[in-house]
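Q: Attaching a single structure in structure tokens format; questions to follow.
There are 2 protein chains.
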Amino acid sequence: MTLGASALARVRIVLVGSREPGNVGAAARAMKNMGLHALVIAGAPSLDLVAARRMAVHAADVLDDCRVVATLADAVAGCGLVVGTSGRDSVMRAGAAAPREAAPAIVATAARNDVALVFGPEDHGLSTEELARCQRVVAIPASDAYASLNLAQAVLLCAYELRLATLAGGVGEARVLAPHERLELLFAKLETALGAIGFLHGEGAPHVVRQLRRMLGRADLEEAEVDVLLGVARQIAWAARFIPPAGERA
Amino acid sequence: MTLGASALARVRIVLVGSREPGNVGAAARAMKNMGLHALVIAGAPSLDLVAARRMAVHAADVLDDCRVVATLADAVAGCGLVVGTSGRDSVMRAGAAAPREAAPAIVATAARNDVALVFGPEDHGLSTEELARCQRVVAIPASDAYASLNLAQAVLLCAYELRLATLAGGVGEARVLAPHERLELLFAKLETALGAIGFLHGEGAPHVVRQLRRMLGRADLEEAEVDVLLGVARQIAWAARFIPPAGERA
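Note that the protein sequences, when read in sequence, are chains A and H. So our numbering is basically just the index in the first sequence, starting at one, shifted up by 33. So our numbering is basically just the index in the second sequence, starting at one, shifted up by 33.
Here you go:
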């Protein structure tokens, strides 16, 4: 099965907190070079899009059509798969895949789902909290001597791998996945419920939450499956109401 | 066999006629990101290297160590393999390989030979004559909608493919190839000799010369093999002396 260009049409590039218009313009050009068009700019209220347009050269149309939103959550709403990008040093890197490894599954998913590929600010990349919102993390296998790529360069490499994976054909039939905001609702409900039964406590709690997010994120959940897990969370929360205060337990 | 980083040490990036210092700096950064260090700047006498250094960020050492030369011939002297890069529209594109296809053989050759990867000016790329000097041509499989990559982006993609091919390991034992200037001598002698026997004539002659260059370029000739072909050229030239002027032939 050759997916053709249509799979790339459902991939959006999300730039979070970008500061340099030159980078955003160069990223737009790189996107168009690789057959991508959908750009979302998040959390960058003072970004100079006119200056960005100049660096885009013949890809000004990508910027003309881009969506500007306030938050990462807005940017990825409706996506069945959200993929974050990370430098080598990130705490999230342990579970990260190289773009070449990740690309076939991403384009296969994009055949039937909107997919977001998320890039952080130039200076420090996506935060741990932002990466925790992503179901997959990819990291470019750069040299230890200088592992930090320019933003537009990172966009180019990821888009290039998606393009080549698209040209190479897919990896089987893709399923329709739950939109990202349903997944976020599930994580919120689970966290509340698990907190209520005392599972999440102390300094390690955020780490455990991230682990849960990663595991369920990797599971490529369909909407009906999210509903099942929401039911589990509801049931846990219901049960928690019966736990007596610490002082009153046997 | 894993080639490790040593193969990349013998790959030099040659930028011909670059105009934008920002591109050169970004290319230096991309090189270091991918574990390359040897940069040669050719035919760019007015390039502002101080401005380039700013865009290199933490790869200023690549620019500090770069070699600045007058011509492409100077830049590729001593190389066993010279690989040119080309946009989609070039006349040379027909025989071009994608970077991913070409990379394993390039890094295998670089284990025992100096290898040059040559990039043309920002506006129009390498000329037909410059590409004719290259034994191999690679072209990035970009989108038809916008096939022209920024110079630094093209350097990044090629360096990335070389890096991944290096990490993946080589493709058998590499031979020691004839240095580029010996090959150029051979082509010059062949052209003279073939001209002398009337093989090269009329408007089609340059095209035939390019075809010969491409064929022999692809052959990865060793020095002893070049000597054999130089002997052939010498013999043809010797024979040509006996050809009577057109008016005196039977």
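For glycine and all other residues, C-beta sits at the position ideal for the given N, C-alpha and C.
Distance cutoff 8 Å, beta carbons only. Does H/S39 sit that close to anything in chain A?
A: Cβ-Cβ to chain A under 8 Å: no for H/S39.
Q: Show which residues of chain A have a CB atom less than 7 Å away from the CB atom of H/A63.
A: Within chain A, the residues near H/A63 are Q186.
Q: Using only alpha-carbon positions, find the residue among A/A110, A/A71, A/Q168 and A/A221 that is nearest to A/A130.
A: Nearest of A/A110, A/A71, A/Q168 and A/A221 to A/A130, Cα basis: A/Q168.
Q: Cβ closer than 7 Å: which chain A residues qualify as neighbours of H/N56?
A: Neighbours of H/N56 on chain A: none; closest Cβ ~10 Å, over 7 Å.
Q: Short check: CB of H/E69 to CB of H/L114, under 8 Å?
A: The sequence shown places Leu at residue 69 of chain H, rather than the Glu named in the question. Taking 8 Å as the Cβ cut-off, H/L69 and H/L114 do not qualify as a contacting pair.
Q: For H/I230, name the three-state secondary structure that DSSP assigns.
A: Looking at H/I230 - three-state DSSP - the assignment turns out to be coil, as it is neither helix nor strand.
Q: For chain A, check one thing: does any of its Cβ atoms lie closer than 8 Å to the Cβ of H/N66?
A: By this cut-off, H/N66 is an interface position.
Q: Which value, in whole angstroms, describes the spacing of the CA atoms of H/T199 and H/V140?
A: Looking at the two C-alpha atoms, the distance is approximately 6 Å.
Q: Taking A/A59 as part of the alpha helix (DSSP H), name the residues at either end of that continuous run.
A: Note, A/A59: alpha helix (DSSP H), P54 to N66.
Q: Within the segment 122-203 of chain A, note down every full alpha helix (DSSP H) run reaching 4 residues or more, in order along the chain.
A: Here the runs fully enclosed are 132-143, 161-165 and 184-201.
Q: Would you say the segment 71-84 of chain A touches the segment 46-62 of chain A, given that touching needs at least three Cβ pairs under 8 Å?
A: Yes: at least three Cβ pairs fall under 8 Å.
Q: Of all the options H/R145, H/A185, H/Q268 and H/L210, which has the alpha carbon lying nearest to the alpha carbon of H/R43?
A: Considering only alpha carbons, the answer is H/R145.
Q: With 16 other CB atoms within 10 Å as the buried threshold, where does H/P132 fall?
A: Under this definition H/P132 is a buried residue.
Q: Three-state secondary structure (DSSP) at A/V241?
A: The answer is helix: DSSP assigns A/V241 an H, G or I state.
Q: Quick check on H/V209: does DSSP put it in helix, strand or coil?
A: DSSP places H/V209 in coil when its eight states are reduced to three.
Q: Going by beta-carbon coordinates alone, are H/A149 and H/V109 separated by less than 8 Å?
A: Yes, the pair counts as a contact, with Cβ atoms nearer than the cut-off.
Q: If you count every other CB in all the chains shown that lies within 10 Å of the CB of A/S119, and 16 or more means buried, which is it?
A: The residue is buried, with at least 16 neighbouring Cβ atoms inside 10 Å.
Q: Just mark A/Q244 as buried or exposed, buried being the case when its beta carbon has 16 or more other beta carbons within 10 Å.
A: Exposed, by the Cβ-count rule.
Q: Using only the alpha-carbon positions, how far apart do H/A270 and H/I230 sit?
A: Their Cα atoms are separated by approximately 7 Å.
Q: Check whether the Cβ of H/A92 lies closer than 8 Å to any Cβ atom in chain C.
A: You won't find chain C in this structure, because its protein chains are A and H.
Q: Taking 8 Å as the CB-CB limit, is H/A178 close to chain A?
A: For H/A178, the answer is yes, since a Cβ of chain A falls inside 8 Å of its Cβ.
Q: Relative to the alpha-carbon of A/R196, which residue among A/A178, A/L96, A/A93 and A/P137 has its alpha-carbon at the smallest distance?
A: Closest by alpha carbon: A/P137.
Q: Could you name the residues of chain H that A/L197 contacts, counting a contact when the two beta carbons are closer than 8 Å?
A: The answer, in chain order, is R133 and P174.
Q: Work out the CA separation of H/D177 and A/I74 for me, nearest whole Å.
A: Spanning the two alpha carbons is a distance of roughly 25 Å.
Q: With H, G and I counted as helix, E and B as strand and the rest as coil, what does DSSP make of H/C43?
A: Residue identity differs from the one stated: residue 43 of chain H is Arg in this sequence, not Cys. Here H/R43 sits in coil by DSSP.
Q: Short of 7 Å in beta carbon distance, which residues of its chain neighbour H/R215, apart from the five on each side in sequence? Order them along the chain.
A: These residues qualify, in order along the chain: E256 and V259.
Q: Output, in sequence order along the chain, the residues in the segment 139-154 of chain A whose CB is closer than 8 Å to any CB in chain H.
A: If the cut-off is 8 Å between Cβ atoms, the segment 139-154 of chain A has nothing near chain H.
Q: Enumerate in chain order the residues of its own chain whose CB-to-CB distance from A/V241 is below 7 Å, with the five nearest sequence positions on each side excluded.
A: Here the set comprises L233.
Q: Out of curiosity, what's the CA-to-CA distance linking A/V95 and H/A135?
A: About 31 Å.
Q: Which residue wins for smallest C-alpha separation from A/A84, given the options A/A238, A/L249 and A/V57?
A: Considering only alpha carbons, the answer is A/V57.
Q: Is H/A93 closer than 8 Å to H/R86 when the C-beta atoms are compared?
A: Result yes, Cβ atoms of H/R86 and H/A93 sit closer than 8 Å.
Q: When you compare each of A/A89, A/V90, A/V151 and A/D98 to A/D107 by their alpha carbons, which one comes out closest?
A: Of A/A89, A/V90, A/V151 and A/D98, the residue nearest in Cα terms is A/V151.
Q: Going along chain H, which residues have a C-beta under 9 Å from A/L218?
A: Chain H residues near A/L218: none, gap ~37 Å exceeds 9 Å.
Q: Between A/V204 and A/D253, what straight-line distance do the alpha-carbon atoms span, to the nearest angstrom?
A: Annotation note: pLDDT 49 at A/V204 (below 50); position unreliable, coordinate value reported separately. Computed Cα separation, rounded: 15 Å.
Q: Strictly under 8 Å for the Cβ-Cβ distance: is H/L182 near chain A by that measure?
A: Chain A contact via Cβ: present.
Q: Assign A/T118 to one of three DSSP states: helix, strand, or coil.
A: Looking at A/T118 - three-state DSSP - the assignment turns out to be strand.
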